[in-house]
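This report concerns only the one structure given below.
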């Protein structure tokens, strides 16, 4: 894959100048790092190492990490093993449904390079081609200590503002989408509207849109959120009538 | 009472409730951790969670009712706190009374239900359906308790109820005079807090936390705030009805935390009932105990 | 011309005018204006009613030695206000696009307007009855006028209307029997005469009277076990008619109950009547009937899948609260019961308006075929929201206040089981109305409803008026409680001493001004907290958690059917359909008797009857 | 005053002349009947105005009663004479151009009915009753064979019973003059034998009066006969039979058991008729059964002792006389299955509207006249102490509920849009039927508007009729034999 070299505007670069705001940002980042809700997407054997990490032996909760059930509530997406192409679609959807800031941790070698499934026709080899992975925890499988170590590493990175993979996904969406399309075909789309989100939150970069997003928009079914129509008695004869 | 003091109370009461509630959430998680031989979260963990959630960059909304629902959920409890007298502060408790408080406490649930409804997620709707069913289950013993207490003290004014109890010392407490009702009240409390074994409407592995399924960011944060209020309100209400309210803040807090600790402890020792099992349980034992207690009280 | 003359004449004029002009497209507007006029005439009386004066009607009839007169006191006035208000808003609702559509679909708009006016007119007459004969005449007029309105829709409505008229006739005949019995004892049907004769009647006679009158009035009110007709009859009536029925029609039964059982016979007399083989007296019995009427129909409503039926069943259940309050008979309880008449009327009207607005746009009221309309019909949604909060009796809407009064009265009187029953009814209502609003307005918007828009102004404005009314009387219940106090003093019940915000009591007061104020302050804080968080972005409804599944527009991702599955799993066996069984058994028995009679007349050798009869008769005579 | 005899004589004569006249001049033949009836009506009115409310007696042929036969003319008998003539005129067979027999029979019916109403003599009553029978057989003969045969047999048996009853009366008292009988009755007829006489007469006359259980001819005959004939039989003839019973009750049989016998039979009739009507599948049968029920109620009313009962019974009879023929006329074109009537009311709204009005009055919706009639009945029943009257009250109320149900089932059917599989709806009612019905409906409305004076007047009639002493004094003025 060709590396695209775009100057990336990190959040540190546009840090606000107001000292109070800086304190506030600092506080929020601190809290983010101390409160991580994780969604463990148990794709493979790595999942077996998570229960020990959560329960009495290692107790992730003392770091403020607790499991959550739906992507909406979660901050961290744990990919615990190989991702088949079919699974990857779900993983991407789940990732896109998470609220930013969000972080992806790839656990096990399979997520790094395909691992023992390197030769499989049906697995995605490198997770970071499709999603912005903030942290890999390599091993086959990594022990709970390694998982916890990885978590601590991520906490530090969040604290310092280095863990900004989620911004990268918005800024270079076209590139990620291109890779996804390469794998899933040209009609690939998720119900989530990443471009709209990027522009809404002012996260769009030069790489957000490109040839792949244009392709997406060609075959995409419209996904505008439903506007509320307050207009009373609007279009009675033309539209309302035809739908009774 | 001058209007300034009243206004100050109206501001302070929810604030205190929130702070105490944060510690109750902490206690909840710590009790769970202890029972599972874990260390548990750090002291400020509930606050971290809430600040993080409010500070999320993207906040996914499903429409204006989703927003208003959260506002109602938090706001309703903020209002309910002012109807609940604490040591030194009565707020507007004498303007509403017990029945009003019980009904105002339904407003947050209603708001949440509406907000979840607009999320268009069947898991959420199922959760709400189950939560309302649970309400039907635990409210039956609960209103028996409310009736018994109101009958015994001859008033629904919480300020008076507390004053009467305190005038009689420890032996004047509702729990001493109405032990059966106090037990039934504990059952209802367990259901009201939605903790195991009565948390079928959350059921994370089955319906993906039900009402919370589509809640992200500050929406979830709002629910966390609501949980603080909910624990506090339930605890204080029970203390006011049965344990003589608060003579001073120290005793008051001890009592409230002690009361809330009971359902917390029970929660982590039990698995989960199905909805119909819950209704059957709630309509059988606590109701029987409550009615028996009521018979004692009224004769 | 007395003010009552003006009112009744004007009401009659409205009816005549609609008979003549009902075919024209502006009939609805005329009707609305004329109902407003009637309301003005009623308002003219307000001052004098408030002074305790009784309005008389100039025309008095005397037939067969029976004096008939009509007059309005505070009780009549209170019910008349609600009647006219319901009539006004209903005809307003029908006056624009709704009526136009109704007519284009082949509905008989003329009949609808005429029937509505006839209902209003006959109710005004009934409310003015100054003696029992006038009461009966008014009663029958109301029954047949209701029947007329019920038949407007045709089809299934006809069956419902037939069922209604059978029940109504049975009830009317029971009332007539009661009236005739009273006449034979009192020698007249003036209220004064009846009150005078009441102490001389034996317990058994009063028992019979209460049973006859009670059963008759209970039919109209839809009290158990005479409630089966009501839901279908109201629900199948076209929009404005259903709203009018739901709001006030059944309450004529309550009016009559107050008049006869409370005012003429007296609650104290009711308490003296014991029910054999139980430890209940007649008043307890009525209270229990009221509570059963609250519970059973409410839980029947919970099972409905048609929004109109759901509301109509709740209408039956809510009647129980009113009766319960009135039967309690103390200042608090009766104030609650009477207040609930007003409050419930506003709630039910706005709910029916909202449901029929949805029907207007989508063509269905099937709760399994709707969903997500909140973004398309936000004002209707809001109307329904206000309505369900009121109906379920939660603050800050007016339904809470009236129910609060009833609850408090039950607490003061020490009736724990009745209290429990009333609360169980309220809980059931909450469950059921949430299902209503969820399945209609929340959840997933169907593809076929994407183009739906808000209802037109002519339908929205009545809803807005009602919403404001519900909220205003919820915040300041004293506005209506003043009237209620007048009614109480007119009927001879203890009078409630209210404040603008509710009531001051030593044993726990209510001040809605404060409660609502603080509630909204709380919402303000909630909003502050909410908007202090990050900026929101609305997403498409298909961008939704489905366990990783890709939702498409074709996927129905909505939970509506068997909404309270867990609850139903437990209580479904409890729905025995006993009343329906009873009704159909009676019907079958009647059918068997009828076919026996036909056999009798169809026999080929009738002369045998003659001979047998002659022999039997002669034997009887000679022995 | 004696001109009242002409109301019997003229139609009787006309009845015999008409067949001949029709051969000579069809036009005259057609006009003769109506003209006669109209003239008789005029005569009746004249007498009415002349008598100033006081009853009088006419000795026919100059022989004084009790030996001679006499006509007793009071308000009641005049009212029935008037009603007979008017009903006959209203239900005149206008369209029956080729059939002079119908004219003759109708005139015969009118003449004998007037005679029956006026007769002051039990034997005369029997004679006129037989004449009525003959006329009505003839009229009903157009109906199905089995039905008219059944009517014939029953009616004949009934006549035999009446004759037996009269024989017993004669045996006991030695006279058949009603006035004289009223004098003798308390001593001679207050025995089981006297009661059996009453029972026999009641059952015999009851055949025409649609009394349970000798009324089983009714549904078949009405179902088959023309509306006009059904209207005459149900409206008029039945009322005359009732009149006979009423006269007997007032004058001869004042025992409680007589009233009770009638009450029980009336009760059974009311409930059985209404129940059977509830199951009826076609219009005419339904009206026939309904008529049985109504007559039952009328019998109940007349079984209330005193003028209250008479008043209520008269009111009910008048109301029924007004409404039933009108309903039968409407039903003329609505024969056959009730289910087939879907949409018929929509097709002819005037007829449908009148049907609704008549049905409402029949059910007794206030303030229509039907309600007031029933109200009188109810107050009368309630004033009685005996339990059986209270039971009767309950039964009548129940029967009203049933009646409302089946009548409005029909109404709803009439006004439902016709389905695809319903038979073609007839919209044409004929101006004659419609006009007559309209007239009757208008009378009904007028009755409602002038209910006050009408009621007072009817009460006067009842009071006068309920007075046996007056009857005796009128027939035998103080100066006479006693």
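Protein chains in written order, with my numbering: chain F, 1 to 244; chain E, 245 to 543; chain Z, 544 to 1166; chain C, 1167 to 1648. Each residue gets a CB set at the ideal place from its N, CA and C atoms; glycine is no exception.
Run down chain F in chain order and give the residues with a C-beta less than 8 Å from the C-beta of residue 812/Z. Chain F residues near residue 812/Z: none, gap ~54 Å exceeds 8 Å.
is_contact[residue 59/F, chain E] using C-beta, thresh 8 Å: Yes - at least one Cβ of chain E is within 8 Å of the one on residue 59/F.
Verify whether the separation of the beta carbon atoms of residue 1157/Z and residue 1337/C is less than 8 Å. no
State the start and end residues of the unbroken beta strand (DSSP E) segment that holds residue 106/F. Residues 103-107.
Can you tell me which residues form a DSSP beta bridge with residue 613/Z? Residue 613/Z pairs with 672/Z.
Look at the Cβ atom of residue 248/F, then the Cβ atom of residue 154/F, and state whether they are nearer than 8 Å. The displayed coordinates of chain F run from 1 to 244. Any statement about residue 248/F would go beyond what the structure contains.
For residue 274/E, count the other beta carbons within 10 Å of its own beta carbon; 16 or more makes it buried, fewer makes it exposed. Which is it? buried
Please report whether the beta-carbon of residue 43/F lies at a distance below 8 Å from any beta-carbon of chain Z. no
With a cut-off of 8 Å, does the C-beta of residue 230/F fall near any C-beta of chain Z? Yes - at least one Cβ of chain Z is within 8 Å of the one on residue 230/F.
Report the option in 410/E, 457/E, 376/E and 494/E whose CA atom is closest to the CA atom of residue 969/Z. 376/E
Just the C-alpha distance for residue 137/F and residue 218/F, rounded to the nearest angstrom, thanks. 38 Å
When you compare the CB of residue 846/Z with every CB in chain E, is at least one pair closer than 8 Å? no
Leaving aside the five residues before and after residue 582/Z along the sequence, list all residues of the same chain whose C-beta is less than 8 Å from its C-beta, in chain order. 624, 627, 628 and 631
Have a look at residue 487/E and residue 419/E and give me their C-alpha separation to the nearest angstrom. Answer to the nearest angstrom: the Cα atoms are 6 Å apart.
Would residue 440/E and residue 515/E qualify as a contact pair, given that the criterion is a beta-carbon distance under 8 Å? yes
Please confirm whether residue 22/F has its beta-carbon closer than 8 Å to some beta-carbon of chain E. no
Where the region 439-464 of chain E meets chain F: residues whose CB sits under 7 Å from a CB there: 448, 452, 453, 456, 457, 458, 459, 460, 461 and 464
Would you please verify whether the beta carbon of residue 253/F is less than 8 Å from any beta carbon of chain E? In the structure as shown, chain F starts at 1 and stops at 244, and residue 253/F therefore has no counterpart that could be examined.
Buried or exposed, going by whether 16 or more other CB atoms sit within 10 Å of the CB of residue 1098/Z? Exposed, because fewer than 16 other Cβ atoms sit within 10 Å of the Cβ of residue 1098/Z.
Just to check my reading of the structure: residue 980/Z and residue 927/Z have Cβ atoms closer than 8 Å, yes? What is that Cβ distance to the nearest angstrom? 5 Å
Using the Cβ count rule (16 or more neighbours within 10 Å means buried), how would you classify residue 171/F? buried
What span of residues does the alpha helix (DSSP H) with residue 1078/Z cover, start to end? Unbroken run through residue 1078/Z: none, as it is neither H nor E.
Relative to chain E, which residues along the region 94-112 of chain F have a C-beta separation below 9 Å, given in chain order? 97, 98, 99, 100, 101 and 102
Per DSSP, residue 1045/Z is paired with what? 1042/Z and 1054/Z
Tell me which residues of the region 381-394 of chain E have at least one Cβ-Cβ distance to chain Z shorter than 7 Å, keeping chain order. Listed by position along the chain: 383, 384, 387, 388, 391 and 394.
Is it buried or exposed, residue 227/F, if we count other Cβ atoms within 10 angstroms and call 16 or more buried? exposed
Bounding residues of the beta strand (DSSP E) (the contiguous stretch that carries residue 37/F): 36-41
With DSSP as the reference, label residue 13/F as helix, strand or coil. Bear in mind that the predicted position of residue 13/F carries a pLDDT of just 46, short of 50, making it unreliable; the figure below should be weighed with that in mind. Of the three classes helix, strand and coil, the one that applies to residue 13/F here is coil, per DSSP.
Partners in chain E for residue 201/F, counting only beta-carbon separations shorter than 8 Å: Residues of chain E passing the Cβ test: 301 and 302.
CB-CB under 6 Å to residue 930/Z, same chain, minus the five flanking residues each way: which ones, in chain order? 890, 893 and 894
Compare the C-alpha of residue 1461/C against each of 1255/C, 1530/C and 1479/C and name the closest. 1479/C
Is residue 1070/Z close to chain E? Criterion is C-beta to C-beta, closer than 8 Å. Output row for residue 1070/Z: interface = yes.
Tell me, please, whether the CB atom of residue 27/F is closer than 8 Å to any CB atom in chain E? Residue 27/F belongs to the set of residues whose beta carbon lies under 8 Å from a beta carbon in chain E.
Can you tell me whether DSSP reads residue 1593/C as helix, strand or coil? No answer about residue 1593/C holds up, because its pLDDT of 49 lies below 50 and its placement is not dependable.
With a 10 Å radius around its C-beta and 16 neighbouring C-beta atoms as the bar for buried, classify residue 214/F as buried or exposed. exposed
When burial is assigned at 16 or more other CB atoms within 10 Å of the CB, is residue 1593/C buried or exposed? Note that residue 1593/C scores a pLDDT of 49, beneath 50, so its modelled location is shaky; the value from the coordinates is reported in the next line. It is exposed - the Cβ of residue 1593/C has fewer than 16 other Cβ atoms within 10 Å.
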